[in-house]
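Per the numbering used here, residue 176 is the first one in the sequence shown, and the count goes up by one each step.
Glycine included, every Cβ here is placed at the ideal spot set by N, Cα and C.
The block underneath contains the structure these notes are about, expressed in structure tokens.
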Amino acid sequence: MTIKYVDRETTTLWKNPADSDRLLELLWGDRVTVLGTVGIYSQIRARGRTGFVHTAHLSDTSLLEIYFIDVGQGDGILIRTPDHRHLMIDGGYKRASLPTGRNAADFVDWKFAKDYDETSVRLDAMLSSHCDADHYGGLWDLLNPAQRSELDCKTVSVEAFYHAGVGWWKDNSANKRWLGNTTPDGKFLLQLMEDRDQILRALPKNANPALQGEWSKFMEAVTSTTDAAGNPTPCHRLSHADHILPGFDGSAGSVTIHVLAPVEFTVAGTAALHNFSSKPDKNTNGNSLLLRLDYGRSRILLTGDLNSLSQRALLDDYAGQHDVFSCDVAKACHHGSDDVSLEFLKAMCPAVTVISSGDSEGHDHPQASVVAASAITGYQQTSGDKLISPLIYSTELARSTTLSKASKATLEGPAGTIELAKKDLSKLNVEYSVVKAGSLRGKRTSKTLDHLFLAADLVYGLVNVRTDGVRILCATLNEKDHSWNTRWIDARH
Numbered sequence: 176m177t178i179k180y181v182d183r184e185t186t187t188l189w190k191n192p193a194d195s196d197r198l199l200e201l202l203w204g205d206r207v208t209v210l211g212t213v214g215i216y217s218q219i220r221a222r223g224r225t226g227f228v229h230t231a232h233l234s235d236t237s238l239l240e241i242y243f244i245d246v247g248q249g250d251g252i253l254i255r256t257p258d259h260r261h262l263m264i265d266g267g268y269k270r271a272s273l274p275t276g277r278n279a280a281d282f283v284d285w286k287f288a289k290d291y292d293e294t295s296v297r298l299d300a301m302l303s304s305h306c307d308a309d310h311y312g313g314l315w316d317l318l319n320p321a322q323r324s325e326l327d328c329k330t331v332s333v334e335a336f337y338h339a340g341v342g343w344w345k346d347n348s349a350n351k352r353w354l355g356n357t358t359p360d361g362k363f364l365l366q367l368m369e370d371r372d373q374i375l376r377a378l379p380k381n382a383n384p385a386l387q388g389e390w391s392k393f394m395e396a397v398t399s400t401t402d403a404a405g406n407p408t409p410c411h412r413l414s415h416a417d418h419i420l421p422g423f424d425g426s427a428g429s430v431t432i433h434v435l436a437p438v439e440f441t442v443a444g445t446a447a448l449h450n451f452s453s454k455p456d457k458n459t460n461g462n463s464l465l466l467r468l469d470y471g472r473s474r475i476l477l478t479g480d481l482n483s484l485s486q487r488a489l490l491d492d493y494a495g496q497h498d499v500f501s502c503d504v505a506k507a508c509h510h511g512s513d514d515v516s517l518e519f520l521k522a523m524c525p526a527v528t529v530i531s532s533g534d535s536e537g538h539d540h541p542q543a544s545v546v547a548a549s550a551i552t553g554y555q556q557t558s559g560d561k562l563i564s565p566l567i568y569s570t571e572l573a574r575s576t577t578l579s580k581a582s583k584a585t586l587e588g589p590a591g592t593i594e595l596a597k598k599d600l601s602k603l604n605v606e607y608s609v610v611k612a613g614s615l616r617g618k619r620t621s622k623t624l625d626h627l628f629l630a631a632d633l634v635y636g637l638v639n640v641r642t643d644g645v646r647i648l649c650a651t652l653n654e655k656d657h658s659w660n661t662r663w664i665d666a667r668h
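Take a look at the structure:
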């Protein structure tokens, strides 16, 4: 068996050679396992299916792939580098807090189990952009042994875990959570998380200081994780002082991952981060990891939940160097919130903006003003009378649900089969629970079956970005015929 990659925009996977029975469409860069050849066709396995493609449509060229995963409210990103390394950044809320019961852990599991035909999820790096539950929940589900039955893969290994330094700590004096001590002038946060040993010391309930709540439970899962060799997974705090994500320095023509934020300061010999506000969420979001992936001439900027306070601070911290934020593709800050700096958006000037937004979380993301601002600050390119860029994608808009109503109900029981025709469905009462994203409990209600809509099909709003360092392909799945909607741009860096 040989590994190859699709080198056309799309190619058809057929059930049989020269057959008209189409199984699915493969996308540029899709990894396939070649099982054999039949004339001009190769028998392959890809995306969990076995079929035939034109041999001429395959090559040895591997791409940089970024998957912006539809997790509802929150972020979830899987990155596959050309040298077949994998990084997972955030994962959405944990399954129990999602209406669909699915997050980025499920996509990553599918990728390894179905697409790669492997029995283990093997991540070269896992990163939590910051300590909010709509970002770390899916990471927790992947690492949590109690959730392992939800996965097809039997084991999960992580070579290194990285975090942004800001964590939730117990404030015993006020019986609540907080972000820890600050400098006397209130300008900097001083109580930062560090390496694995320090995190382990902060896990016991009687520790001083002690990590708090679900963030503590997530860190317990992180520190119980091992690498592929069975050794404890190292944990590290990242900041701009690291410059480069360890192991991703662009060696041998692979991807360089720059760490641009949070920006670290030294106060009285201690590492410190910006204290943007007395409101904790402004600091958890504002001190998100800001990463830039460079491959060839392409740049992809991953922004976490940066807000206007942190963006303006970054413009000051990088005075005279605003070109470091310039990119071809940007993940929109904070799911399309309007808490953004227009000047920072101008500095990014992306040709493509991807907004990870949810449709049930009550924040009305993406905000109309941010969609407009992303358009007017994006890199404009035209061809004749057609717009090439800027492009704006939203995981929410890429998602689709096929709704239907029941036409008959059948109940199998000891006494035989009971059937309710359409006219009788008003006699069958259904109780159900509506769970809003991030909620721990659903609101229970009931309706008769004839008044309920059924989700007959759900297409998740995955946004694919792939590049060979020269061209960049953006693609979403067309729910009507399971083909791909694709757009190309040229990398310009």
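{"Query": "Where does the unbroken alpha helix (DSSP H) through MET394 begin, and where does it stop?", "Result": "388 to 398"}
{"Query": "Consult DSSP for ARG224 and reduce its assignment to one of helix, strand or coil.", "Result": "strand"}
{"Query": "Here's the rule: buried if 16 or more other CB atoms are within 10 angstroms of the residue's CB, otherwise exposed. What is GLN175?", "Result": "The question about residue 175 has no answer, for the chain in this structure spans 176 to 668."}
{"Query": "With respect to the beta strand (DSSP E) encompassing PRO421, which residues constitute its N-terminal and C-terminal limits?", "Result": "419 to 424"}
{"Query": "For the alpha helix (DSSP H) that contains ASP316, what are its first and last residues?", "Result": "308 to 318"}
{"Query": "Whole angstroms is fine: what's the gap from PRO409's alpha carbon to THR230's?", "Result": "42 Å"}
{"Query": "What first and last residue would you give for the beta strand (DSSP E) that runs through ASP665?", "Result": "658 to 665"}
{"Query": "Check THR330 in the structure and name its three-state DSSP category.", "Result": "strand"}
{"Query": "Does DSSP put ALA231 in a helix, in a strand, or in coil?", "Result": "helix"}
{"Query": "Can you give me the C-alpha to C-alpha distance between SER512 and LEU435, rounded to a whole angstrom?", "Result": "21 Å"}
{"Query": "Is it true that the stretch 334 to 350 meets the stretch 365 to 381, where meeting means three or more beta-carbon pairs spaced less than 8 Å apart?", "Result": "yes"}
{"Query": "PRO673: buried (16+ other C-beta within 10 angstroms of its C-beta) or exposed?", "Result": "Lying before the first or after the last residue shown, residue 673 is absent from the chain, which here runs from 176 to 668."}
{"Query": "GLN542 to LEU595, Cα distance in whole Å?", "Result": "45 Å"}
{"Query": "Considering just the uninterrupted stretch of the beta strand (DSSP E) at VAL529, what are its terminal residues?", "Result": "527 to 530"}
{"Query": "For GLY588, name the three-state secondary structure that DSSP assigns.", "Result": "strand"}
{"Query": "How far does the alpha helix (DSSP H) with MET523 in it reach, from first residue to last?", "Result": "517 to 523"}
{"Query": "What does a CB cutoff of less than 6 Å around SER483 pick up in its chain, not counting 5 residues either side in sequence?", "Result": "ASP514, VAL515 and SER516"}
{"Query": "Could you check what DSSP says for ALA650 in three-state terms: helix, strand or coil?", "Result": "strand"}
{"Query": "Roughly how many angstroms separate the alpha carbons of ASP591 and ALA584, rounded to a whole number?", "Result": "This sequence places Gly at residue 591; Asp is not what is there. Roughly 14 Å between the two C-alpha positions."}
{"Query": "Quick one, which of SER399, LEU466 and PHE282 has its alpha-carbon nearest ASP417's?", "Result": "LEU466"}
{"Query": "Less than 7 Å between the C-beta atoms of HIS411 and TYR337, yes or no?", "Result": "yes"}
{"Query": "Looking at C-beta atoms only, is the number of pairs between the stretch 439 to 453 and the stretch 279 to 293 that lie closer than 8 Å three or more?", "Result": "no"}
{"Query": "Assign ARG619 to buried or exposed, taking buried as 16 or more other Cβ atoms, counted over all protein chains shown, within 10 Å of its Cβ.", "Result": "exposed"}
{"Query": "Candidates ALA308, VAL438, ASN460 and GLU293: which alpha carbon is nearest VAL331's?", "Result": "GLU293"}
{"Query": "Only counting the same chain, and skipping five residues up and downstream in sequence, which positions put a Cβ closer than 6 Å to that of LEU477?", "Result": "LEU466 and LYS506"}
{"Query": "Is it right to say TYR607 is buried, meaning 16 or more other beta carbons lie within 10 angstroms of its own, or is it exposed?", "Result": "exposed"}
{"Query": "Nearest to ASN319 by CA position, among GLY355, LEU648 and SER391, is which residue?", "Result": "SER391"}
{"Query": "Would you mind reading off the limits of the beta strand (DSSP E) that contains VAL296?", "Result": "295 to 298"}
{"Query": "So, for SER234: in the same chain, excluding its five sequence neighbours on each side, which residues have a beta-carbon less than 7 Å away from its beta-carbon?", "Result": "LYS179, TYR180 and ASP182"}
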